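Notes for the one structure printed next.
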Ligand code: EPZ
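Residue numbers (the numbering used here): 10 to 442.
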């Protein structure tokens, strides 16, 4: 049954919220976990849809997958009997292509259906292919599948023409079991790149420099078992930081790494929010209307594209004109029409959004166009006058664990209901009115 959020806006968020494990780190780590024939235990797994789909894909090729509890999984790749990942999985979650690098590294052969994923623009994979070929693999695209094969993988010097999270992780995995020392220049530096590298190292890989401009990987013969806990989710944390400021609330966001949040903290401070850092937490509060600013999305440590819709949403209620430039994905403004239906004044020209802040948004019937845009619409609804419904929340559930539950615990009036469950919708309206 299709579900939707129903939200009554106007309450400042207050209290404490705990951030889950990083989805985009977990996707790389789960794929890498199949590269050992020994058992790997992964903790602090976020319980979100994308993770559950990738675990199904991993089980589908024969790996042992034991979901110990919602946030812990044990994986053993010894029993893998197929090196081919079906379209069924790739169609649901683009990151199943990490199994290409993982299987190629371990078995020197892999095939994966060409990826789909969130529709946020054209998403080529030429840099992944360039990397595999540099390591000596033959890569062909046939019948909708990418097939990569090698007699042996031999280390090489690889320069990425585009900074790509996916290509960096895929190449790192394959190179971890190649012969010799691979150098990746111009790699992505996101926190989840470092986390995947740390995880591979915990399995016996020899990867240095993840998070810097050059990654050096000395190939090892095999990887062993490990126990590993995933880092906190930078984007989930950032989303709650913006929600706290946008609702003019006061929230302590716990279990995050403040260093990962610097680009977001800086922008929130610039528009007038208070941001207080602790060892593993950040407190965000605001008491007046936000100001205006300029934002350009960039690879880490720049401002993340995955926070662009949430930030544009708070700026839509800001005092003055803000300019947002999206440099990573060209189609990441699909939520703008929805915000305009709530009364926002935003004009998109190419990759630039010109936002004339309005004093108030008003509730409307909305549809989530993708994961982060869906979260941004929730933030808008929490601030708006009256009621908002948001459907297509399956996108939001791809990457936010118990989003409505965490918001409820901060005092928000939000509920997840079946789309045609008029009774529950009425009950909610009565309760919060
Ligand atoms: C990752 O996607 C994330 N997904 C995305 O998060 C995130 O938006 C993105 O990185 C940027 O930070 C996962 O980690 C699973 P890229 P990815 O390869 O790896 C171009 C979310 O909301 N490019 O870094 O697919 C590409 O077109 C999601 O959680 C090439 O030209 O992104 C884009 O412009 C959505 N050739 C840029 O590089 C390639 O071979 C960055 O893409 C690969 C990428």
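Even for Gly, the Cβ is constructed at its ideal location relative to N, Cα and C. Just so we're clear, the structure is a prediction, and the values are computed from it rather than from any experiment.
Inset, instruction - Starting from the N-terminal side, write out each stretch of the beta strand (DSSP E) that is 3 residues or longer and does not extend beyond the segment 381–437. - result: 396–400 and 422–427
Inset, instruction - At 4 residues or longer, and completely inside the segment 66–124: list those alpha helix (DSSP H) runs for me, N to C. - result: 96–101 and 107–116
Inset, instruction - Starting from the C-beta of residue 104, find all residues in its chain whose C-beta is less than 6 Å away, skip the five residues before and the five after it, and write them out in chain order. - result: Residue mapping note: residue 104 aligns to position 95 of the chain shown, counting from 1. Once the five neighbours on either side are set aside, the close Cβ partners of residue 104 are 36.
Inset, instruction - Please go through the same chain and pick out, in chain order, the residues whose beta-carbon is closer than 6 Å to the beta-carbon of residue 322, but skip the five residues on each side of it. - result: If you number the chain shown from 1, residue 322 lands on position 313. Here the set comprises 385, 388 and 389.
Legend entry - Proximal residues to residue 410 (C-beta, below 8 Å), its chain only, five neighbours per side dropped: To locate residue 410, count along the chain shown from 1; it is residue 401. Around residue 410: 29, 55, 56, 57 and 245.
Legend entry - Rounded distance between the beta-carbons of residue 229 and residue 261, thought under 8 Å: Start at 1 with the first residue of the chain shown, and residue 261 comes out as number 252. Start at 1 with the first residue of the chain shown, and residue 229 comes out as number 220. Not a contact, Cβ separation roughly 42 Å.
Legend entry - Continuous beta strand (DSSP E) stretch holding residue 365: start and end: Taking the chain shown and counting its residues from 1, one reaches residue 365 at position 356. Per DSSP, residue 365 belongs to the beta strand (DSSP E) from 361–365.
Inset, instruction - Confirm the yes/no value for this check: CB of residue 32, any heavy atom of the ligand EPZ, distance under 7 Å. - result: Taking the chain shown and counting its residues from 1, one reaches residue 32 at position 23. Correct: residue 32 has its Cβ closer than 7 Å to the ligand EPZ.
Inset, instruction - May I have the straight-line CA-CA distance separating residue 65 from residue 73, to the nearest angstrom? - result: To locate residue 65, count along the chain shown from 1; it is residue 56. To locate residue 73, count along the chain shown from 1; it is residue 64. Looking at the two C-alpha atoms, the distance is approximately 10 Å.
Legend entry - residue 25 to residue 264 span [Cα, whole Å]: Counted from its first residue, the chain shown places residue 25 at position 16. Counted from its first residue, the chain shown places residue 264 at position 255. Approximately 11 Å between the Cα atoms of the pair.
Inset, instruction - Please go through the same chain and pick out, in chain order, the residues whose beta-carbon is closer than 7 Å to the beta-carbon of residue 53, but skip the five residues on each side of it. - result: Locating residue 53 in the chain shown gives position 44, where the first residue counts as 1. Result list for residue 53: 30, 80, 238 and 239, in chain order.
Inset, instruction - In the DSSP assignment, find the alpha helix (DSSP H) that holds residue 140 and state where it starts and stops. - result: Counted from its first residue, the chain shown places residue 140 at position 131. Counting along the chain, the alpha helix (DSSP H) containing residue 140 begins and ends at 135–143.
Inset, instruction - Examine the ligand EPZ and report whether any of its heavy atoms sits within less than 7 Å of the Cβ of residue 369. - result: Here residue 369 is taken as the residue at index 360 of the chain shown, counted from 1. Residue 369: no, Cβ never under 7 Å from the ligand EPZ.
Legend entry - Distance between residue 397 and residue 18 (C-alpha atoms, nearest Å): As a working mapping, residue 18 is identified with position 9 in the chain shown. As a working mapping, residue 397 is identified with position 388 in the chain shown. Near 8 Å, if we compare the C-alpha coordinates of residue 397 and residue 18.
Legend entry - Beta-carbon proximity check, residue 345 vs residue 357, cutoff 8 Å: By 1-based counting over the chain shown, the position of residue 345 is 336. By 1-based counting over the chain shown, the position of residue 357 is 348. Contact flag set, yes.
Inset, instruction - Taking only heavy atoms of the ligand EPZ into account, decide whether any of them is closer than 7 Å to the Cβ of residue 334. - result: In the chain shown, the residue the question calls residue 334 occupies position 325. No, since every heavy atom of the ligand EPZ falls outside the 7 Å radius drawn around the Cβ of residue 334.
Legend entry - Residues bridged to residue 30 (per DSSP): In the chain shown, counting from the first residue as 1, residue 30 sits at position 21. Answer is 241.
Legend entry - Candidates 41, 290 and 170, of which the one nearest residue 236 by Cα: In the chain shown, the residue the question calls residue 236 occupies position 227. Comparing Cα positions, the closest option is 41.
Legend entry - Inter-residue CB distance, residue 256 and residue 391 (contact presumed, cutoff 8 Å): Looking up residue 256 in the chain shown gives position 247. Looking up residue 391 in the chain shown gives position 382. Residue 256 to residue 391, Cβ: 5 Å. Contact.
Legend entry - Check: residue 243 C-beta below 7 Å from any heavy atom of the ligand EPZ: On the chain shown, position 234 is the one that residue 243 refers to. Flag unset: Cβ of residue 243 not near the ligand EPZ.
Inset, instruction - Would you verify that the beta carbon of residue 176 is, or is not, closer than 8 Å to some beta carbon of chain C? - result: Considering every chain present, this structure includes no chain C. It has just one protein chain.
Inset, instruction - Following the continuous alpha helix (DSSP H) through residue 273, name the residue where it begins and the one where it ends. - result: Reading the chain shown from its first residue, position 264 is the one you call residue 273. Run containing residue 273: 271–279, per the alpha helix (DSSP H) assignment.
Inset, instruction - Return yes when the C-beta of residue 57 is under 7 Å from any heavy atom of the ligand EPZ, and no when it is not. - result: Indexing the chain shown from 1 puts residue 57 at position 48. Because no heavy atom of the ligand EPZ lies under 7 Å away, the Cβ of residue 57 does not count as near it: no.
Inset, instruction - For residue 406, verify whether its CB is less than 7 Å away from any heavy atom of the ligand EPZ. - result: Taking the first residue of the chain shown as 1, we reach residue 406 at position 397. No, the Cβ of residue 406 stays beyond 7 Å of every heavy atom of the ligand EPZ.
Inset, instruction - Spatial neighbours of residue 112 within its chain, please: CB distance less than 6 Å, with the 5 preceding and 5 following residues excluded, ordered by chain position. - result: Taking the first residue of the chain shown as 1, we reach residue 112 at position 103. Within the same chain, residue 112 has close Cβ partners 92 and 119.
Inset, instruction - Kindly confirm or deny that the segment 349–356 and the segment 414–422 touch, where touching means at least three C-beta pairs closer than 8 Å. - result: no
Legend entry - 8 Å CB neighbourhood of residue 311 in its chain, flanking five on each side removed: Here residue 311 refers to the residue found at position 302 of the chain shown. Cβ neighbours of residue 311 beyond the five flanking positions: 272 and 305.
Inset, instruction - With distances taken Cα to Cα, identify the nearest neighbour of residue 451 among 170, 381, 192 and 165. - result: An answer regarding residue 451 cannot be provided, because it is not within the stretch 10 to 442 covered by the chain.
Inset, instruction - Using alpha carbons as the reference points, say which of 226, 195 and 199 lies closest to residue 164. - result: The sequence position of residue 164 within the chain shown is 155, counting from 1. That would be 226, whose Cα lies nearest to the Cα of residue 164.
Inset, instruction - Measure the C-alpha to C-alpha separation of residue 183 and residue 433 and round it to an integer number of angstroms. - result: As a position in the chain shown, residue 183 is number 174, starting the count at 1. As a position in the chain shown, residue 433 is number 424, starting the count at 1. Those two C-alpha atoms are separated by around 50 Å.
Legend entry - Any non-hydrogen atom of the ligand EPZ within 7 Å of residue 174 CB: For the purposes of this step, residue 174 is identified with residue 165 of the chain shown, where counting begins at 1. Result yes, Cβ under 7 Å from the ligand EPZ.
Legend entry - DSSP bridge partner residues for residue 259 (one or two, in chain order): By one-based count along the chain shown, residue 259 stands at place 250. DSSP, once it has assigned bridges, lists 23 and 294 as partnering residue 259.
Legend entry - Buried or exposed (CB count within 10 angstroms, at least 16 for buried), residue 243: As a first step, residue 243 is located in the chain shown; it is residue number 234 there, counting from the start. By the 10 Å Cβ count, residue 243 comes out buried.
Legend entry - Alpha-carbon spacing of residue 266 relative to residue 289, whole angstroms: Stepping through the chain shown from its first residue, residue 266 is reached at position 257. Stepping through the chain shown from its first residue, residue 289 is reached at position 280. Roughly 6 Å separates the two Cα atoms.
Inset, instruction - Going by CA-CA distance only, name the one from 250, 122, 157 and 59 that's closest to residue 27. - result: Along the chain shown, one-based indexing puts residue 27 at 18. The option with the nearest alpha carbon to residue 27 is 250.
Inset, instruction - Check whether the Cβ of residue 248 lies closer than 7 Å to any heavy atom of the ligand EPZ, and answer yes or no. - result: For this step, residue 248 is matched to residue 239 along the chain shown. Residue 248 Cβ: outside cutoff for every heavy atom of the ligand EPZ.
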